[in-house]
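Residue numbers (the numbering used here): 6 to 214.
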């Protein structure tokens with residue numbers, strides 16, 4: 006049964022159409038999870054939720070799980086305990102989620118930077134980097150005020166510095182899909198196609214349903 010932080014495919018709304026059979030993709034995954042990595046504002050939660058719905062898998066937002074475990078919001082954790090404390094908790098939560106079985110997991114922007122977390126995801130999941138240009142990220146994140154990593158006098162400069170430092174690490178993910186200002190269904194279709202090719206499920210010249 007799904008936890009409070011999970012959203013199963015039985016949720017409301019029409020399921021996005023995908024060109025690969027969802028059951029075949031789930032079978033190819035086995036016990037592995039689909040793990041979305043990337044910067045804040047890349048769309049990991051919004052794409053992940055819809056992807057899980059399309060593939061009939063549970064969805065979990067790792068940041069939501071961290072907040073539930075700590076009984077605090079992420080900005081409160083940063084303020085009270087600092088980033089190292091948060092990162093340690095983040096690593097524990099991601100490890101637990103991977104042990105629970107196949108699902109779609111949206112991770113926080115810094116999760117993939119932890120070598121141990123990368124190794125765990127490599128063993129128990131398929132990692133997908135949702136890559137976005139800086140201007141796209143900035144347009145999205147400026148709409149929200151709960152981004153402790155951007156709590157500076159120059160948030161755009163901070164974001165660009167984070168991108169420069171993190172993108173080479175994100176590039177080690179199994180797959181890369183561009184996140185851009187396009188309908189979510191387009192991005193999801195590209196994610197499913199990339200997964201299908203990774204799992205040897207893609208059929209040449211297959212037409213989308």
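Glycine included, each C-beta is placed from N, C-alpha and C at the ideal position.
Note that the structure is predicted; figures quoted are calculated from it, not measured.
For residue i, is the classification buried or exposed, using 16 other Cβ atoms within 10 angstroms of its Cβ as the cut-off for buried?
i           : result
residue 186 : exposed
residue 137 : buried
residue 196 : buried
residue 177 : exposed
residue 90  : exposed
residue 36  : exposed
residue 101 : exposed
residue 70  : buried
residue 191 : exposed
residue 6   : Any reading at residue 6 needs caution, since the residue's pLDDT is 37, under 50, leaving its predicted position unreliable; the model's value is listed next. Answer is exposed; the Cβ neighbour count stays below 16.
residue 76  : exposed
Would you verify that the beta carbon of residue i is, or is not, closer than 8 angstroms to some beta carbon of chain B?
i          : result
residue 44 : The question asks about chain B, but that chain is absent: this structure has only one protein chain.
Keeping to the same chain, check which residues put their C-beta closer than 7 angstroms to that of residue i; ignore five residues upstream and five downstream.
i           : result
residue 165 : 139
residue 72  : 78, 79
residue 189 : 51, 52, 55
Going by C-alpha to C-alpha distance, which of the options sits closest to residue i?
i           : options       : result
residue 33  : 112, 107, 80  : 107
residue 50  : 122, 109, 181 : 109
residue 143 : 48, 180, 26   : 48
residue 112 : 88, 74, 68    : 68
residue 122 : 105, 97, 145  : 97
residue 120 : 82, 171, 145  : 171
I think residue i touches residue j, with their Cβ atoms under 8 angstroms apart; what is that distance to the nearest whole Å?
i           : j           : result
residue 103 : residue 38  : 6 angstroms
residue 179 : residue 147 : Rounded, the Cβ-Cβ distance is 30 angstroms, inconsistent with contact.
residue 56  : residue 193 : 5 angstroms
residue 184 : residue 52  : 7 angstroms
residue 116 : residue 99  : 6 angstroms
residue 174 : residue 199 : About 19 angstroms; that fails the 8 angstroms criterion.
residue 27  : residue 59  : 7 angstroms
Can you list, in chain order, the residues of its chain whose CB lies under 6 angstroms from that of residue i, leaving out five sequence neighbours each side?
i           : result
residue 168 : 139
residue 114 : 44, 45
residue 105 : none
residue 145 : 46
residue 82  : 75, 91
Leaving out the 5 sequence neighbours to the left and right, which residues in its chain are closer than 8 angstroms to residue i when beta-carbon positions are compared?
i           : result
residue 205 : 33
residue 141 : 46, 184, 185, 186
Next item on the list: Report yes or no: do the stretch 52-72 and the stretch 158-168 share at least 3 C-beta pairs separated by less than 8 angstroms?
Entry: No: the two stretches stay apart, fewer than three of their Cβ pairs being nearer than 8 angstroms.
Next item on the list: Flag this pair as touching only if the stretch 125-136 and the stretch 79-95 have three or more C-beta atom pairs under 8 angstroms; answer yes or no.
Entry: Touching, no.
Next item on the list: Could you say if the stretch 111-130 and the stretch 38-49 meet the contact criterion of at least three C-beta pairs nearer than 8 angstroms?
Entry: Below 8 angstroms, enough C-beta pairs join the stretch 111-130 and the stretch 38-49 to call them touching: three or more.
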